[in-house]
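*Asks:* Residue numbering for the sequence shown follows the numbering used here, starting at 1 and increasing by one per position. First the structure, then my questions, so here it is.
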Amino acid sequence: MEIERVQEIASLSNLKGTIPSEFIILENEQATTTTIHGAVLEVPVIDLCNPDDQSLVASISEASKSWGIFQVVNHGIPNEHISELQKVGKEFFELPQDEKEVIAKPIGYEGVEGYGTKHQKEVEGKKGWVDHLFHRVWPPSAVNYHYWPKNPPSYRETNEQYTQSLIPVADKLLGLLSRGLGLEDGEVKQGLGCEDMFYMLKINYYPACPCPELDLGLGPHTDMSSITILVPNEVQGLQVFKDDHWYDVAYIPNALIVHIGDQIEILSNGKYKSVYHRTTVNKEKTRMSWPMFLEPPPEFEVGPIPKLITQDNPSKFKTKKYKDFVDCKLNKLPQ
Ligand SMILES: O=C(O)CCC(=O)C(=O)O
C-alpha cells in the first residue's frame, strides 16, 4: 500500500482548484473563522547579546511564563548557516518522488525518523496539509544516517554545520531559563538528561493549497520537547493561541523562534508554559519550517525540579520517563 504524499495531492488539487474532502475541516475550526484578522502577534524578542545579564534572564523568564514563545536575535548563528540549511532541505523536497521515498518511514514502523506524511488524522478527523522529514542530528550516538537525504550531496555537511552552531545557543537558552527559575545555570539541562539530550530535526513541507481557508497545516498542539528552536521560510503560517484567540506570528528575518515545550513546563512545575500553536497554509506559496526539538533521552525521567516544590507550590505533574510521556500524549491517554 502506497502512502499518498500531500505534495503529490497538492499538484493535482492546484490543477483542479479543489482539495479532497479528507482535508476539509469543520467551519468552526477553520483559520478564516478563528483567526483575529488584521493583527499580527509581536511575540517577545530576546537579544542574546544584551550585556545586561539580569535583564536578559528577566525577559526570557517573563516571555516563557506569559507567552511560551519568543524570537531570538543576535544569536550568533551565521545567516549563511540558516540559509544553507533551508536550501538543502528545499532541494530534498523538490527531488522526484521516488528519490524521497528511499528514506521514507517503512509501513508499520513505529519510529519517528524518516520522510513521511502523518497517518493519524489531525484536525477533528481531517488530514493536515503537510509532509515532513525527521532525523536526529545530535548526539552522534543517536544519529542514524539512513534517514538523512543523500541528495543534495551537501545535505549532511550543511545540517552538521547548523547543528554545531545551534548547540551553544541551546545551552545558553537552557541556562537562562534555569536562572529565571532561581536555579543554577546547569540545573534545567540536568533535569532533561544533560549531554544525552537528543536534538531531533524536522522539516515541514506545506505545499501551496488552492483552498487554504478550508484546511490547516498542523492542527493545534503543544510540543512534547523541552524547547523547540525553529526557523521558518519567508511564508507566513505560524499561529499562536493567546487570550482565547488565534493570531499570526510576525517573523523577524533570521531570528530563531523558540517554543517552550511540555518538558520545560513540567520541570518548572508550571511556571513556564508550553505554547499552544498551529499552522496555516498559503494559496500560492510553499511554506517550510525547520523545528529542532530538544528532547530528553527516552528512558530519562522528567518531573518538577525538587527545589521548586514547596508546601505552597506542590508538584503539579508526575515524574515519568520521557518515552512514557510521549506514549500517553500520542495515544491521547491521561499523563
Ligand atoms: O511550521 C511551523 O511553524 C510549526 C511547526 C510545528 O509546530 C511542528 O512541527 O510541530
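Even for Gly, the Cβ is constructed at its ideal location relative to N, Cα and C.
Which whole-angstrom value is the C-beta distance of T286 and A31, which I expect to be below 8 Å?
*Replies:* Rounded, the Cβ-Cβ distance is 17 Å, inconsistent with contact.
*Asks:* Would you mind listing the alpha helix (DSSP H) stretches within the segment 156-191 that are 4+ residues and don't spill past its ends, in chain order?
*Replies:* 187-190
*Asks:* By alpha-carbon positions, which one of P96, K307, D185 and E160 ends up nearest to D171?
*Replies:* It is D185.
*Asks:* Does the distance from the C-beta atom of Q86 to that of M292 stay below 9 Å?
*Replies:* no
*Asks:* Within the present structure, is the beta-carbon of I257 separated from the nearest heavy atom of ligand 1 by less than 8 Å?
*Replies:* yes
*Asks:* In chain order, what residues of the same chain lie with their CB nearer than 8 Å to the CB of K121, ignoring the 5 residues before and after it?
*Replies:* Confidence at K121 is low in this model, with a pLDDT of 49, below 50, so its placement is unreliable and no value can be given for it.
*Asks:* Can you check the segment 92-141 for any beta strand (DSSP E) of at least 3 residues that lies completely inside it and give the ranges in chain order?
*Replies:* 114-116 and 131-138
*Asks:* Restricting to Cα atoms, I'd like to know which of E213, Q97 and P297 is closest to P139.
*Replies:* Of the candidates E213, Q97 and P297, the one whose C-alpha sits nearest the C-alpha of P139 is P297.
*Asks:* Would you say Q114 and F92 are within 9 Å of each other, going by their C-beta atoms?
*Replies:* Checking the sequence shown, residue 114 turns out to be Gly, not Gln. Contact: no.
*Asks:* Could you compute how far the alpha carbon of N74 sits from the alpha carbon of S64?
*Replies:* 19 Å
*Asks:* Look at the Cβ atom of F241, then the Cβ atom of P212, and state whether they are nearer than 9 Å.
*Replies:* No, Cβ-Cβ distance for F241 and P212 is not below 9 Å.
*Asks:* Between which residues of its own chain and A39 is the CB-CB distance below 7 Å, once the five residues before and five after are set aside?
*Replies:* Y247
*Asks:* Alpha carbons only, please: which of I266, N269 and L192 is nearest the one belonging to E351?
*Replies:* The requested residue 351 does not occur in the structure, where the chain is confined to residues 1 to 335.
*Asks:* With a CB to CB cut of under 8 Å and the five nearest residues on each side skipped, what residues in its chain are close to K273?
*Replies:* If you ignore the 5 residues before and after K273, its C-beta comes within less than 8 Å of the C-beta of S64, K65, S66, W67, G68, I260 and E265, all in its own chain and listed in chain order.
*Asks:* What is the rounded straight-line gap between the Cα of N233 and the Cα of D312?
*Replies:* Near 44 Å, if we compare the C-alpha coordinates of D312 and N233.
*Asks:* What is the rounded straight-line gap between the Cα of I309 and the Cα of V57?
*Replies:* 21 Å
*Asks:* In terms of alpha-carbon separation, which member of V88, K307 and V169 lies closest to L267?
*Replies:* K307
*Asks:* Just the Cα atoms here: how many angstroms apart are E29 and R278?
*Replies:* 11 Å
*Asks:* Out of E8, P44 and I9, point me to the one whose CA is closest to Y251's CA.
*Replies:* P44
*Asks:* Would the beta-carbon of T279 be found less than 8 Å away from any heavy atom of ligand 3?
*Replies:* Absent from the structure shown: ligand 3. Ligands present: ligand 1.
*Asks:* Is R156 a contact residue of ligand 1, with contact defined as CB to any heavy atom under 8 Å?
*Replies:* no
*Asks:* Do Y205 and H132 have their CB atoms nearer than 9 Å?
*Replies:* Taking 9 Å as the Cβ cut-off, Y205 and H132 qualify as a contacting pair.
*Asks:* Which residue wins for smallest C-alpha separation from F70, given the options I257, P304 and N159?
*Replies:* I257
*Asks:* Given the structure, does K202 come close to ligand 1, in the sense that its CB is under 8 Å from one of the ligand's heavy atoms?
*Replies:* yes
*Asks:* Do L216 and I25 have their C-beta atoms within less than 9 Å of each other?
*Replies:* yes
*Asks:* Comparing the CB of V135 with every heavy atom of ligand 1, is any distance shorter than 8 Å?
*Replies:* Before going further, note that residue 135 is His rather than Val in the sequence given. H135: no, Cβ never under 8 Å from ligand 1.
*Asks:* How many angstroms separate the CA atom of V275 from the CA atom of T222?
*Replies:* Straight through space, the alpha carbons of T222 and V275 are spaced by roughly 6 Å.
*Asks:* Measuring from the CB of L218, is there a heavy atom of ligand 1 at a distance below 8 Å?
*Replies:* At least one heavy atom of ligand 1 sits closer than 8 Å to the Cβ of L218.
*Asks:* So T117 and I3 are in contact, right, with Cβ under 8 Å, and what is the actual spacing, rounded?
*Replies:* 6 Å
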